[in-house]
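So the structure is just underneath, and the comments pick up after that.
Residue numbers (our numbering): 4 to 245.
The following block contains the structure:
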């Protein structure tokens, strides 16, 4: 069942069309990669899904309704990683508690510690975020995205700044949440070698147009490639859909 549908969406900024008649969908419990060159339109599409921007034509539905119809309900069921943004003078625990309160969640110490443990931050929860490395801030962003048990996770460059051990841990977390919780992932990243390890399906966008949408297995077969990176480059070079 599709829980997000992008249907013939076009978006213009002034006289420039940045998204052209784009369509794809997300099904429950699958892990999607969303990839493309810089300036391809990825951020614009994410902002339209979240209701920050409105399409000039076409329609976006989430849980069979538009964000305009019921934004509070829809957005409460989506978790986001769009870059770390925290209060540096507060520690990790207090930042997470504050975000939970802003979401209307009354979470006790045990539950907040559980989220911090999931991203490997429980032992440093009393450390001020201004003293965190980029990777630690990214871990905290991921923990914040999990608050409220969302059904969809939209992660933009989730492993940015993480060391190899952190990358492995987040990879395991994705698999756990997808397999055990049935969460749908929509992951935008330039690190295709890592995406290749976790996603089942991929959306390739270039110049505001979807060049490929389907399973990774089909993408590799279509371009006779051994990995996602090779197939991605072949897709862009070949112009995507026939």
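No residue lacks a Cβ here, since even glycine has one placed at the ideal position from N, Cα and C.
- When DSSP states are grouped into helix, strand and coil, residue 18 belongs to the coil group.
- By the 16-neighbour rule on beta-carbons within 10 angstroms, residue 90 is exposed.
- In the three-state DSSP reduction, residue 217 falls in the strand class (E or B).
- The beta carbon of residue 129 is closer than 7 Å to those of 94 and 96 in its chain, skipping five residues each way along the sequence.
- Put simply, the region 194-206 touches the region 171-178. At least three CB pairs are less than 8 Å apart.
- Residue 73 sits in a helix when the DSSP states are folded into three classes.
- DSSP places residue 212 within a strand segment (E or B) once states are collapsed to three.
- Residue 54 carries a coil assignment under DSSP once its states are collapsed to helix, strand and coil.
- The three-state reading of DSSP puts residue 140 in helix, counting H, G and I together.
- In the DSSP assignment, residue 181 forms no beta bridge with any residue.
- Taking 8 Å as the cut-off, the Cβ atoms of residue 49 and residue 157 count as close.
- In this structure, DSSP gives residue 86 a state outside helix and strand, which the three-state scheme calls coil.
- Going by DSSP, residue 38 is part of the beta strand (DSSP E) stretching over 34-38.
- A direct Cα-Cα distance of roughly 32 Å separates residue 27 from residue 108.
- Comparing alpha carbon positions, the residue from 153, 188 and 154 closest to residue 160 is 188.
- Straight through space, the alpha carbons of residue 162 and residue 125 are spaced by roughly 19 Å.
- For residue 62, the enclosing beta strand (DSSP E) has its first and last residue at 60-65.
- Here the alpha carbons of residue 237 and residue 226 stand approximately 7 Å from one another.
- Each of 234, 216 and 83 was checked against the Cα of residue 30, and the nearest Cα belongs to 216.
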